[in-house]
Ligand SMILES: *[C@@H]1O[C@H](CO)[C@@H](O)[C@H](O)[C@H]1NC(C)=O
Ligand SMILES: *[C@@H]1O[C@H](CO)[C@@H](O)[C@H](O)[C@H]1NC(C)=O
Ligand SMILES: *[C@@H]1O[C@H](CO)[C@@H](O)[C@H](O)[C@H]1NC(C)=O
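Residue numbers (mature numbering (1 follows the signal peptide of the UniProt record, and there is no 0)): -23 to -1, 1 to 260.
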């Protein structure tokens, strides 16, 4: 009988505590506008608003892996979650908890917001490839480039490239065109170089971009810088026809001036000579 009462009281008390806990901190705002930004597997989670009087803690939930906490009690509105997304083919969601500093060791569940799902392998953006060198010899244009690196390392400490992760899902496209024309052509490679046939009398410009053909979104990566070859450039190519026109105009002006001047001088001489003769005539 007494036990039943005690049990009843305990139940009542825990129910009361549970209600208190559920009430939590109802006034704490939760994160909004949560975005994932990820390039070459470096992944940053961002959200709003700036906290005032509370903190955020990020929890990363995978499908199979344990929940991991990042940026515990941060006053920032972003968190680098790269190292907890190492299992790149897994799909993750982030919970952004709003907590007071004392709240964490309490039993109460802090209010939180849930991000959209994110799968690094299919969503990280391919960064710019780095062009190492290029040559145009005869009718061959050769371009050598490097894979962008990821923040992940091999056991020996060297960084993995995006090729190490994507393997045969990754290819690169070279877009090239004759300098000062707009007709673009492209070539594809799975290696680190392009060798294409070009017109040996023309200069070419080009850039490179990583591509993952199997993706539905974010298929094309960032574009490398544009570079142009410079075979047998003569002064006319270098400076254009305008400079020649300007030089020609100046030369013509100088010649005209010289002719006009000499004509004037000549006339003066003649009139002077005529004047000198005059007195003789008049005498
Ligand atoms: C969330 O994003 C929307 C649209 O970009 C913006 O209008 C709103 O102010 C943002 N919310 C906060 C809390 O900054
Ligand atoms: C690029 O540079 C490497 C070494 O610097 C050289 O061996 C290679 O031939 C160069 N490739 C081209 C296409 O110029
Ligand atoms: C580290 O290991 C990777 C893969 O096993 C290999 O490709 C790379 O060359 C190694 N790097 C060094 C510096 O040994």
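Quick reminder that beta carbons are idealized off the backbone N, C-alpha and C, glycines included. In this text, all values refer to a predicted model and were calculated from it rather than measured experimentally.
- Residue 163: member of the beta strand (DSSP E) spanning 162 to 166, first to last residue.
- Relative to ligand 1, the nearest heavy atom lies less than 6 Å away from the CB of residue 25.
- By the CB criterion at 7 Å, residue 184 and residue 203 fall inside the cutoff.
- Sequence-distant Cβ neighbours of residue 70 in its own chain, meaning closer than 7 Å and more than five residues away, are 38, 91, 92, 94.
- Proximity of the beta carbon of residue 133 to ligand 3 is indicated: a heavy atom of the ligand is located closer than 6 Å.
- Your pair residue 52 and residue 28 checks out as a contact, with CB atoms roughly 6 Å apart and the cut at 8 Å.
- Of the candidates 110, 33, 146, the residue whose Cα lies closest to the Cα of residue 78 is 33.
- The C-alpha of residue 147 lies about 33 Å from the C-alpha of residue 73.
- Ligand 1 has no heavy atom closer than 6 Å to the beta-carbon of residue 197.
- Restricting attention to 159, 142, 9, the CA atom closest to the CA of residue 22 is found in 9.
- Looking at the backbone, the Cα of residue 179 and that of residue 171 are separated by about 18 Å.
- At least one heavy atom of ligand 1 sits closer than 6 Å to the Cβ of residue 9.
- Check the Cα spacing between residue 208 and each of 4, 65, 111: the tightest is with 111.
- Between residue 128 and residue 18 the beta-carbon gap is near 6 Å, inside 8 Å, which marks them as a contact.
- Looking at the DSSP output, residue 48 shares a beta bridge with no other residue.
- The Cβ-Cβ distance between residue 15 and residue 130 does not fall below 7 Å.
- With a minimum length of 4 residues, the unbroken runs of alpha helix (DSSP H) contained wholly in the segment 65 to 138 fall at 97 to 100.
- Secondary structure in the segment 166 to 246: the beta strand (DSSP E) runs of 3 residues or longer, each lying completely within the stretch, are 170 to 174, 181 to 188, 197 to 200 in chain order.
- Linking residue 150 to residue 135 through their CA atoms gives a straight-line distance of about 26 Å.
- For residue 118, the closest C-alpha among the options 58, 235, 139, 173 is that of 173.
- DSSP places residue 150 within a strand segment (E or B) once states are collapsed to three.
- Within the DSSP bridge table, the entry for residue 142 names no partner.
- Between residue 99 and the set 196, 245, 42, the nearest pair of CA atoms involves 196.
- Burial check for residue 115: the Cβ neighbour count within 10 Å stays below 16, so the residue is exposed.
- Closest option to residue 41, judged by alpha-carbon separation, among 35, 67, 122: 67.
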